[in-house]
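Undergrad: Have a look at this one.
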Amino acid sequence: MRTLAGAVIAEVIGLDGGEADYRRLFARGEEIVAMVSLRTRRLSPRQVARARAVLAPLGDIAAAAYAAGDERSVMGRMRAAGLSERRRAARRRRSSSPAPRRSRPWCPG
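Heads up: the sequence shown begins at 44 in the numbering used here, then just goes up one per residue.
So this is what it looks like as structure tokens:
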């Protein structure tokens with residue numbers, strides 16, 4: 044399963060690789076997941092730095108695939124469809140009154 048999951052990630056970001064590459068991709072994902080739990084709402088500056096270090100090489104691979112424009116990759120198809128590669132940091136709007144909290148937003152009904 045790890046190899047298959049890594050292969051899916053590789054396909055999405057445009058990495059041509061083999062089984063060892065797929066396992067490394069999956070391991071990178073595990074590193075990120077290990078930092079958080081279902082209750083994690085914010086990351087510490089140290090966690091953010093670590094996550095960026097883990098994910099930066101994946102972003103570089105995806106950017107190269109986008110630039111190449113090879114429509115055999117998801118990134119190449121995104122470029123062909125006219126989607127931008129511009130990366131934006133998510134900005135959270137802050138208001139003076141916080142939004143009401145839902146006790147279990149994942150629960151249906």
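Glycine included, every Cβ here is placed at the ideal spot set by N, Cα and C.
1) State the CB to CB distance for the pair V55 and V117, rounded to an integer number of angstroms; the pair is presumed to be in contact (CB under 8 Å).
2) Do three or more CB pairs link the stretch 78-92 to the stretch 122-130 at distances below 8 Å?
3) Quick one: Cα of D156 to Cα of V76, how far?
4) Given this structure, state the Cα-to-Cα distance separating Q90 from G61, to the nearest angstrom.
5) Have a look at S87, R84, A94, R85 and flag the residue whose alpha-carbon is nearest the alpha-carbon of A70.
6) Kindly indicate which residue of P88, L86, L101 has the alpha-carbon position closest to the one of D64.
7) Given a threshold of 16 other Cβ atoms within 10 Å of its Cβ, counted over all protein chains shown, does M44 qualify as buried or as exposed?
8) Taking L126 as part of the alpha helix (DSSP H), name the residues at either end of that continuous run.
9) As a quick exercise: from T46, R85, G112, pick the residue whose alpha carbon is nearest that of E73.
10) With a CB to CB cut of under 8 Å and the five nearest residues on each side skipped, what residues in its chain are close to G112?
TA: According to the structure data:
1) Position 12 of the sequence shown, counting from 1, holds the residue named residue 55. Position 74 of the sequence shown, counting from 1, holds the residue named residue 117. Confirmed, about 5 Å.
2) no
3) The chain is shown only over 44 to 152; residue 156 falls outside these bounds and no answer can be derived.
4) By one-based count along the sequence shown, residue 90 stands at place 47. By one-based count along the sequence shown, residue 61 stands at place 18. Rounded to the nearest angstrom, the gap between the Cα atoms of Q90 and G61 is 29 Å.
5) Taking the sequence shown and counting its residues from 1, the one referred to as residue 70 is at position 27. Per the Cα distances, A94.
6) Working through the sequence shown from its first residue, we reach residue 64 at position 21. Looking at the Cα atoms, L101 is the closest of the given residues.
7) On the sequence shown, position 1 is the one that residue 44 refers to. M44 is exposed by the Cβ-count criterion.
8) If you number the sequence shown from 1, residue 126 lands on position 83. Here L126 belongs to no alpha helix (DSSP H), and DSSP marks it neither H nor E.
9) For the purposes of this step, residue 73 is taken as the residue at position 30 of the sequence shown. For the residues T46, R85, G112, the minimum Cα distance to E73 belongs to T46.
10) Translated into positions along the sequence shown, residue 112 becomes position 69. Excluding sequence neighbours, G112 sits near G119, R122, A123.
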